[in-house]
Every structure is written in C-alpha cells, then in structure tokens.
Amino acid sequence: MKKNLVLCIMLGFAVVLQAQDIKLNAPEKRGGKTVLEALNERHSERAFVKKTMPAQTLSNLLWAANGFNRDDKRTAPTAMNRQEMELYVVFDNAAYFYDAKKNVLQRVVDGDVRNALGQPNITNNAALSIVMVADLNKSAIEHARISAGFISQNIYLYAASEGLGTVARGSFKGDELAKALRLSEKQAVILVQPVGFLK
Ligand SMILES: Cc1cc2nc3c(=O)[nH]c(=O)nc-3n(C[C@H](O)[C@H](O)[C@H](O)COP(=O)(O)O)c2cc1C
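Start counting the sequence shown at 28; every next residue gets the next number (this note's numbering).
So this is what it looks like as structure tokens:
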C-alpha cells in the first residue's frame with residue numbers, strides 16, 4: 028500500500044515535470060519567400076512590438092535555426108559534424124532547452140532571466156530570445172563561433188521570409204546568462220538572437 032502511494036506520488040511528479048515542457052508542432056518545411064527574396068530582405072531589427080509568437084511560427088523558427096533536416100543532421104552545418112550547438116529559448120516567464128530531435132521545448136528555468144541577456148531596450152519587447160550554446164566537450168570554441176554564425180543566418184533568413192524582426196547580439200552577459208540557464212562548465216554561450224514582431 029505504502030509502495031503504491033510512493034509510486035503514485037512519483038508518477039504525479041513526473042507528469043507535473045512533463046507538463047512544464049512544450050511539445051512543438053511539426054515544423055512546416057514548405058512555403059515562405061524564395062531564398063533570393065529572403066536574402067534581399069535580411070537585415071537587423073532592434074525595435075519590436077510585444078506579441079506572443081504563434082505555436083506554428085515558433086516551431087518553424089527553431090527548426091529553421093538548427094532543427095534536423097535529415098535523420099541525424101541539421102539545417103546548420105558543423106565542423107566534422109560535431110553538432111556542438113544547442114539552442115535555449117528565453118521567454119518573459121521561463122527559459123527552455125530546444126530538444127531538436129524530440130521537437131520539444133524542455134523547461135530549464137522558471138521565471139524571468141531576460142536581464143542576463145543584456146540590452147533590455149532590444150530584448151524586452153522581443154517575443155523571445157534564442158541563446159546559442161556550445162558544448163565544448165564536442166568541439167573547440169573557434170568552431171562553435173562559426174557554427175553559431177550559420178544558425179544566426181538561418182534565423183535571419185527565416186525572419187526575413189516571415190516578416191519578423193531579429194538581430195544577432197554579441198553583447199550579452201556571459202557569466203550571468205550561463206548561470207541563469209544552469210549551464211555546465213563545458214557549455215558556453217556564443218550568441219544571442221531576439222526575434223520579434225515589427226512595429
Ligand atoms: C557577431 C555579431 C554580433 C553582434 N552584436 C550585436 C549587438 O550586441 N547588438 C546589436 O544591436 N547588434 C549586434 N550585431 C548586429 C550588427 O550590428 C549588424 O549586423 C550590422 O550593423 C549590420 O546590419 P545588418 O544586419 O542590418 O546588415 C551583431 C552582429 C554580429 C554578426
């Protein structure tokens with residue numbers, strides 16, 4: 028009886044934990060502007076109107092940034108296919124790890140950690156900020172910086188295609204952000220990129 032009670036509590040806890048995660052829609056892999064049109068419209072934006080990003084747009088954005096476009100490879104290349112880059116997504120009230128394989132956002136922090144992103148004039152009105160994090164067990168930081176550039180351009184092109192605004196941001200608070208996102212010593216924030224709605 029006692030064993031069953033413990034099991035029920037544990038299962039309940041597991042359900043609560045999973046309920047904090049967000050199962051993303053399947054990403055749409057067709058549509059949008061042509062690559063040439065998106066390149067023509069790619070630019071940095073820093074002024075946003077505060078709005079919630081629709082679920083489908085969120086899924087498409089993250090997939091375009093660094094999702095899997097083949098069984099085991101992604102929309103952004105990495106040196107020697109190390110796949111050292113992972114994305115974290117910072118919203119106003121929580122931060123999530125993007126599990127690209129499962130297409131799930133796993134909640135890693137409750138609460139508002141946007142202060143650690145820096146430049147509140149840009150980030151506070153964005154719908155979200157994507158934080159590009161390198162696993163330095165998998166690759167050297169020099170390669171990770173290049174990998175982040177590819178992800179950043181993917182985000183720029185998706186934003187241009189959808190009429191969203193974005194800007195690559197190197198001026199984040201590295202130590203504070205790593206602490207806020209509970210990163211390990213072998214994880215490093217490489218780049219931050221808010222995405223938002225244009226005025
Ligand atoms: C690695 C990198 C870091 C950047 N960091 C910042 C930043 O911290 N803040 C900012 O407002 N813009 C930042 N930018 C955006 C540049 O200022 C912007 O790309 C440049 O002015 C050219 O404008 P465009 O993107 O519209 O062509 C960064 C861009 C790159 C590539």
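Glycine residues also receive a C-beta, built at the ideal position from the N, C-alpha and C atoms. Being a predicted model, the structure only gives us computed values, none of them experimental.
| query | result |
| --- | --- |
| Is DSSP giving residue 107 helix, strand or coil here? | helix |
| Quick check on this structure: which residue in 59, 200, 150, 103 has the alpha carbon closest to the alpha carbon of residue 220? | 150 |
| Against chain C, with Cβ distances strictly below 8 angstroms, would residue 190 count as a contact? | No chain C appears in this structure, which consists of one protein chain only. |
| Report the rounded CA-to-CA distance for residue 47 versus residue 207, giving the unit in angstroms. | 18 angstroms |
| Please state if the CB of residue 182 and the CB of residue 117 are separated by a distance shorter than 8 angstroms. | no |
| Tell me, to the nearest whole angstrom, how far the beta carbon of residue 215 is from that of residue 168; I am working on the premise that it is less than 8 angstroms. | 6 angstroms |
| According to DSSP, is residue 64 part of a helix, a strand, or is it coil? | helix |
| Can you give me the start and stop residues for the beta strand (DSSP E) that residue 156 sits inside? | 155–162 |
| Is the beta carbon of residue 109 less than 8 angstroms from the beta carbon of residue 166? | yes |
| Taking 8 angstroms as the threshold (C-beta atoms), are residue 195 and residue 65 in contact? | no |
| Can you tell which of 154, 111, 89 has its C-alpha closest to the C-alpha of residue 72? | 154 |
| Is residue 105 closer than 8 angstroms to residue 113 when the C-beta atoms are compared? | no |
| Taking all protein chains shown into account, decide if residue 160 is buried (16 or more other Cβ within 10 angstroms of its Cβ) or exposed. | buried |
| Using 10 angstroms around the beta-carbon of residue 96, count the other beta-carbons present and answer buried if the total reaches 16, otherwise exposed. | exposed |
| Would you say the beta carbon of residue 149 comes nearer than 7 angstroms to a heavy atom of ligand 1? | yes |
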